[in-house]
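Numbering (our numbering), first residue to last: 156 to 383.
Okay, here's the thing in structure tokens:
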């Protein structure tokens, strides 16, 4: 019997029945009603955003994640990468129906998949998404979630792939600023705390068009580049 790939984490050993997934895009959930427009296009029924990134849906409710921050831009991934496998990962509680749709670049939509899944806390459910490589058929992927006669919760979501990268990833970031040293300092602290920076896979360059920086970190970044 083929048990799949074996991975070791600390002192534990876990058997994967399928290859491990790689996160392409974390799907952030709105923390408040004020941010809803960037994430959600439409809703029906009883939907509550609790302020800590968890969405609670009452029975017979609909939530359409047809927003700027919740879409997956298939057309760009198809054009610039070799991505052939895509899935959406959802962690939460209760039973939901998810419908995944692609909005085409030249108008119209393409229905991809509809599936009912049972969500269990701390366990990720996955739904495969067919990828369109043609530039005329690829577009922007979004999804709708419905509940039936029972309530549900959404805790975390992500677009992911079981397809391993073909080469190491390195991110280059250029920041142009004019007299915004406190803002740039905060941004640099966040960038330097990221796993990519710690792994040496990020280079940050700052172009300062205002007064000279006083912070040593920003001075070194403005002169050359700060590498992880």
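We put the CB at the ideal spot given by N, CA and C, even for glycine.
Between which two residues does the alpha helix (DSSP H) containing residue i stretch?
i, result
"residue 344", "336 to 347"
"residue 308", "That residue, residue 308, is in no alpha helix (DSSP H); its beta strand (DSSP E) goes 307 to 316."
"residue 184", "Note, residue 184: premise wrong, no alpha helix (DSSP H); not H, not E."
Can you name the start and end residues of the beta strand (DSSP E) that residue i belongs to?
i, result
"residue 252", "241 to 259"
"residue 301", "294 to 301"
"residue 274", "264 to 274"
By DSSP's criteria, residue i is part of a beta bridge. Which residues make up the other side?
i, result
"residue 197", "219"
"residue 211", "203 and 308"
"residue 177", "316"
"residue 227", "296"
"residue 332", "363"
What's the gap between the Cα of residue i and the Cα of residue j?
i, j, result
"residue 270", "residue 333", "50 Å"
"residue 295", "residue 180", "13 Å"
"residue 170", "residue 278", "Low confidence applies here, because residue 170 scores a pLDDT of 42, under 50, leaving its location unreliable; read the following figure in that light. Rounded to whole angstroms, residue 170 to residue 278 spans 15 Å at the Cα level."
"residue 328", "residue 265", "34 Å"
"residue 184", "residue 210", "7 Å"
"residue 287", "residue 351", "29 Å"
How close, in whole Å, do the beta carbons of residue i and residue j come, if the pair is a contact with beta carbons under 8 Å?
i, j, result
"residue 242", "residue 176", "7 Å"
"residue 200", "residue 213", "6 Å"
"residue 310", "residue 249", "The pair is not a contact, with the Cβ atoms about 11 Å apart (cut-off 8 Å)."
"residue 318", "residue 281", "Going by Cβ atoms, the distance from residue 318 to residue 281 rounds to 14 Å, so no, they are not a contact pair."
Closer than 6 Å to a non-hydrogen atom of the ligand ATP - does that hold for the CB of residue i?
i, result
"residue 215", "Ligands are entirely absent from the displayed structure, and the ligand ATP is therefore not among its contents."
Give me the residue from the options with the minimum Cα distance to residue i.
i, options, result
"residue 216", "196, 305, 312 and 372", "305"
"residue 372", "340, 240, 345 and 275", "340"
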